[in-house]
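Taking it in order: structure first as structure tokens, then the write-up.
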Amino acid sequence: LHSQESLPVFFNDA
Amino acid sequence: MFEARLLRGSILKKVLEAIKDLLTQATFDCDDSGIQLQAMDNSHVSLVSLQLRADGFDKYRCDRNISMGMNLNSVAKILKCAGDKDTVTMKAQDNADTVTFVFESPNQEKVSDYEMKLMNLDLEHLGIPETEYSCTIRMPSAEFARICRDLSQFGDSMVIACTKEGVKFSATGEIGSANIKLAQTASVDKEEEAVIIEMDEPVTLTFACQYLNYFTKATSLSPQVQLSMSADVPLVVEYRIQDIGHIRYYLAPKIED
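For the record, the sequence lines run as chains Z and Y. In case it helps, our numbering puts the first sequence at residues 121 to 134. In case it helps, our numbering puts the second sequence at residues 27 to 283.
What follows is the structure in structure tokens.
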């Protein structure tokens, strides 16, 4: 089973 | 004063079609280099990054940096009123709370203008690091759209596995499983039709079909699409827009529990 990661986990707030 | 005029007005129509299902609102940031838009979808799984360079417009003037928050449903409604061959101009005064779209038919016999209220949007802006990707795949955009459509019948997720032999798209679900393998094109006659793979390390990642299908709404903007992947980082799906810029979609992978 796979769970969906969220994008801000990878990219910092600018 | 901000003014951006595009003889190929259909580009803006296509851009809106390419983002309006993913985003409900977004800010168009305009400066003397051009127009940028960056926004995440509501669930923060994907991000759209659009760049339209000033030199790609037939006329471009931006005296002061201006950020225009727009309801994209409204923009899409307005741009639907433009003919495919119309010239489209976007205009706004400095510090204005409205933007005006002007459409001119090729023979100048019909001129329409639509004024739209702007919104103050306080949207999260992400810093996307420069990344060297382990695999980049260039392929016809229509083929990618077809693969996403076909595989989404089988499951919610799609596995993209890139090796030096080629790229494999797979989906599994209740009715069974599906695999589509594309080999690198042996000899390239027309670059638009080629599948070209650059690979340092093989990569296998899993993504939600629904978002990939949203991205393929950009298919009419470019005959080719580029997928960039590295292990455990978001996928980049890029459509270059001829002579003016690009639209990039970032999609967070699904991770095994």
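Glycine residues also receive a C-beta, built at the ideal position from the N, C-alpha and C atoms.
query                                                                                                                       : result
CB-CB length for Y:I223 against Y:V185, believed under 8 Å                                                                  : Incorrect: roughly 16 Å between the Cβ atoms, too far for contact.
Assigned exposure category for Y:E191 - 16 Cβ within 10 Å defines buried                                                    : exposed
Residues in the segment 138-160 of chain Y having any Cβ partner in chain Z nearer than 8 Å                                 : E150, H151, L152, G153, I154 and P155
Where Y:F170 sits in the DSSP three-state scheme                                                                            : helix
Interface flag, Y:S183 vs chain Z, CB-CB below 8 Å                                                                          : yes
For Y:I104, the residue or residues it bridges with in DSSP                                                                 : Paired residue(s): none; Y:I104 is not in a bridge.
Contact with chain Z by Y:E282, beta-carbon distance below 8 Å                                                              : yes
Touch test, the segment 194-210 of chain Y against the segment 242-250 of chain Y, Cβ-Cβ under 8 Å, three pairs minimum     : no
Inter-stretch contact (C-beta, 8 Å, three-pair minimum) for the segment 63-72 of chain Y and the segment 118-128 of chain Y : no
Cβ neighbours of Y:M27 in the same chain (closer than 7 Å, five flanking residues each side left out)                       : R87, D89, Q119 and D120
Residues that Y:Q252 bridges to, as DSSP identifies them                                                                    : Y:R164 and Y:E264
Minimum C-alpha distance to Y:A102 - residue among Y:S69, Y:A52 and Y:S93                                                   : Y:A52
Distance, Y:G271 Cα to Z:F130 Cα                                                                                            : 25 Å
Coarse secondary structure for Y:K143, derived from DSSP in three states                                                    : strand
Spatially closest choice to Y:L38 from Y:G95, Y:H70, Y:I104 and Y:L49, by CA coordinates                                    : Y:I104
Short CB-CB distance (under 8 Å) between Y:L73 and chain Z                                                                  : yes
Y:M96 beta carbon less than 8 Å from that of Y:A152                                                                         : The identity of residue 152 of chain Y in the sequence shown is Leu, whereas the question assumes Ala. It is not a contact, given that the beta carbons lie outside the stated cut-off.
Extent of the continuous alpha helix (DSSP H) to which Y:K40 belongs                                                        : S36 to I45
Classification of Y:A257 by the beta-carbon crowding that lies within 10 angstroms, buried from 16 upward                   : exposed
Where the beta strand (DSSP E) containing Y:L78 begins and where it ends                                                    : S72 to R79
Cβ-heavy atom distance, Y:V101 to the ligand MG, below 7 Å                                                                  : As for the ligand MG, it is missing from this structure, which has no ligand bound.
Selection from Y:S131, Y:M225, Y:M116 and Y:Q179 that minimises the alpha carbon distance to Y:S160                         : Y:M225
Z:S123 versus Y:Q210 - alpha carbon distance                                                                                : 31 Å
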